[in-house]
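Heads up: the sequence shown begins at 87 in the numbering used here, then just goes up one per residue.
Note that beta-carbon positions come from the ideal geometry of N, C-alpha and C, so glycine has one too.
Small disclaimer: the values here were computed from a predicted structure and weren't measured.
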Amino acid sequence: VAWLDKIDRRYAWIKRQLVDYEEKYGRMFPQEWCMTERIAVEFCHVTRTELAKIMRTRAKEIEVKLLLFAIQRTTNFEGLLAKRFSGCTLTDGTVKKPEVPPPSTNPFLEDETGTETDEIMIEKSDMDKPKKPKVPDNPFHGIVSKCFEPHLYVYIESQDKNLGELIDRFVADFKAQGPPKPNVDEGGAVLPSCADLFVYYKKCMVQCSQLSTGEPMIALTTIFQKYLREYAWKILSGNLPKTTSSSGGLTITSLLKEKEGSEVAKFTLEELCLICSILSTAEYCLATTQQLEEKLKEKVDASLVERINLTGEMDTFSIVISNSIQLLVQDLDAACDPALTAMSKMQWQNVEHVGDQSPYVTSVILHIKQNVPIIRDNLASTRKYFTQFCIKFANSFIPKFINHLFKCKPISMVGAEQLLLDTHSLKMVLLDLPSIGSQVVRKAPASYTKIVVKGMTRAEMILKVVMAPHEPPVVFVDNYIKLLSDCSTDTFQKILDMKGLKRSEQSSMLDLFRLRLPSPPSGAENTGSLSLSAPTPEQESSRIRKLEKLIKKRL
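Here it is, written out as structure tokens:
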């Protein structure tokens, strides 16, 4: 009868004893002695001691349900005591009412005394404010239930096991049900399992804070951290589609003939939607983990606040977001690779006239139109990450395009004009990429536009240099330095290769190039590649006029 499952009997017994006492002896003792409360408090002290002893002896028999049952019944009893008694005997003496000082008969001290009293009262109230207990005002809180705290590890271990089973269920459900269907209207689907996880976390946190605000809360936080990481790796990262290294065996001929282009893309529509869903889920987890950390700090004792830190888990979700964006970029990038390879393999010296945009440009545009609207619609609720995707794609595609441009050699004048037209078409498509295929046209972010304009303008300048006659050499070299603002001999060598100059001509041209280079700024070491200052507005407008003339000529 002394075990935890019969704990109700203890509290029922003391209730009967107190009623019996008040009926028989209540009027025998002065009311200010608070005898009924003293008996109740003594019972609490004895009960706490005896419960602690028996739990130490039978510790292996304590199960989580039994422990929670005993704690609940005990805290209910403590709440009942708070309603019935004031708690005045808990300080080993009767509560003294604040004495009002007798009115002073000294008129000179009246104002001064009043001021001092006011200041004391203000200071006292200010001091009391930060010391508000986290538990509701119950002087009897913990008077018995404190004895359960050493055994709360049973509760923590139980939550560890429950959360492990929950994660396993999430994994099994994902395999059985498959990825969530895209929900474009709501801006991409967040995996429902993440909401279930945080709802369970909240329940555990509230329950544990009612049991203890000390070390058990720190132990529970450690369990939370463990399963946040497991969720990130098993549910999110573990379900990201894997990229394949093969290119599908596509030939240049098949690429140039392709119309639909669907066979080039590595990820299916469902896989793209899944990546976006995992990205949105990781963002939700990141924001909710931050809120969880704040709530834990509110619940725990002030002395333990510094030990609550979920930064590592937030970083883990940030990594999932970054990996998801990188996958989306790699997929679109890889889909465009065969087109760029086709561009570099074309016989540009044999092009006889400038026509419409080349097939490789059509192929790149097709892949962009296939992928980007899906990604944008499924990341509608996380616009900043869609912008990141656009920026990362531009930073990856444009340098790759320029590298393939250098492989187009030799190039005739007409071939360079066709390439310039193709480059301009790609530039326009890239500038429109964030809103491509959308009914609502939004202005592209300035950070993205700046990257595209800078990168594609460089590509246009390379082709303009190639189109320029190399005689006289001095004019050609000076024109190159002005247009490209690049003093790298490697880049200049590539331009000469594109023009199809012989090695003997290239040698003399390189010597002249080195002579015409502007001297490096004082104190700076010349490392072989020097970045010049930006072109003047006059130079920039001249470039634009030349490009406009070329486009008009083509039209």
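{"Item": "Three-pair Cβ contact test at 8 Å for the region 457-472 versus the region 515-531", "Value": "yes"}
{"Item": "Where the alpha helix (DSSP H) through residue 102 begins and ends", "Value": "93-111"}
{"Item": "For residue 298, the nearest candidate out of 161, 465, 548 and 423 (CA to CA)", "Value": "161"}
{"Item": "Local conformation of residue 572 per DSSP, three classes", "Value": "strand"}
{"Item": "Limits of the unbroken alpha helix (DSSP H) element including residue 248", "Value": "239-263"}
{"Item": "Supposed contact pair residue 504 and residue 444 - C-beta distance, whole angstroms, cut 8 Å", "Value": "7 Å"}
{"Item": "Cβ contact check for the region 277-286 and the region 303-311: 3 or more pairs under 8 Å", "Value": "no"}
{"Item": "Supposed contact pair residue 322 and residue 368 - C-beta distance, whole angstroms, cut 8 Å", "Value": "6 Å"}
{"Item": "Alpha-carbon to alpha-carbon, residue 563 and residue 599", "Value": "6 Å"}
{"Item": "DSSP-derived helix/strand/coil call for residue 236", "Value": "helix"}
{"Item": "Cutoff 6 Å; reference residue 305; Cβ partners in own chain excluding five residues on either side", "Value": "242"}
{"Item": "Distance, residue 483 Cα to residue 596 Cα", "Value": "30 Å"}
{"Item": "Neighbourhood of residue 224 by C-beta, 6 Å cutoff - its chain only, sequence neighbours within 5 removed", "Value": "168"}
{"Item": "Between the CA atoms of residue 117 and residue 173 - distance to the nearest angstrom", "Value": "14 Å"}
{"Item": "Spatial neighbours of residue 126 in its chain, beta-carbon cut-off 7 Å, leaving aside the 5 residues before and after", "Value": "100, 104, 167 and 171"}
{"Item": "Per-residue burial, residue 319 [other beta carbons within 10 Å of its own, 16 or more giving buried]", "Value": "exposed"}
{"Item": "Beta carbon of residue 315 nearer than 7 Å to that of residue 402", "Value": "yes"}
{"Item": "C-alpha distance - residue 473 paired with residue 463, whole-angstrom precision", "Value": "12 Å"}
{"Item": "Completely contained alpha helix (DSSP H) runs for the region 286-338, where each covers 4 or more residues", "Value": "301-316"}
{"Item": "Integer Cβ distance of residue 247 from residue 303, believed to fall under 8 Å", "Value": "Residue 247 to residue 303, Cβ: 19 Å. No contact."}
{"Item": "Close beta carbons around residue 235, own chain, < 6 Å, minus the five adjacent residues each side", "Value": "298"}
{"Item": "Through-space distance from residue 475 to residue 356, alpha-carbon basis", "Value": "18 Å"}
{"Item": "Distance, residue 434 Cα to residue 571 Cα", "Value": "26 Å"}
{"Item": "7 Å Cβ cutoff met for residue 490 and residue 574", "Value": "no"}
{"Item": "Buried versus exposed call for residue 487 [16 or more other C-beta atoms within 10 Å across all chains shown]", "Value": "buried"}
{"Item": "Through-space distance from residue 559 to residue 618, alpha-carbon basis", "Value": "Legend: pLDDT at residue 618 = 38, less than 50; position of this residue unreliable, value from coordinates given subsequently. Distance between the alpha carbons of residue 618 and residue 559 is about 21 Å."}
{"Item": "Distance between residue 602 and residue 441 (C-alpha atoms, nearest Å)", "Value": "37 Å"}
{"Item": "Nonlocal neighbours in the same chain, by C-beta distance under 7 Å from residue 114, ignoring five residues either side", "Value": "none"}
{"Item": "From 142, 419, 324 and 408, residue whose alpha carbon lies closest to that of residue 365", "Value": "408"}
{"Item": "In chain order, each alpha helix (DSSP H) run of at least 4 residues that lies wholly inside the region 518-586", "Value": "532-553, 559-570 and 575-585"}
{"Item": "Euclidean distance between Cα positions of residue 533 and residue 477", "Value": "8 Å"}
{"Item": "Beta-carbon proximity of residue 538 to residue 516, cut-off 7 Å", "Value": "yes"}
{"Item": "Endpoints, the alpha helix (DSSP H) within which residue 418 is located", "Value": "397-431"}
{"Item": "Endpoints, the alpha helix (DSSP H) within which residue 114 is located", "Value": "From DSSP, residue 114 is part of no alpha helix (DSSP H); its letter is neither H nor E."}
{"Item": "Cβ-Cβ distance between residue 496 and residue 586 below 7 Å", "Value": "yes"}
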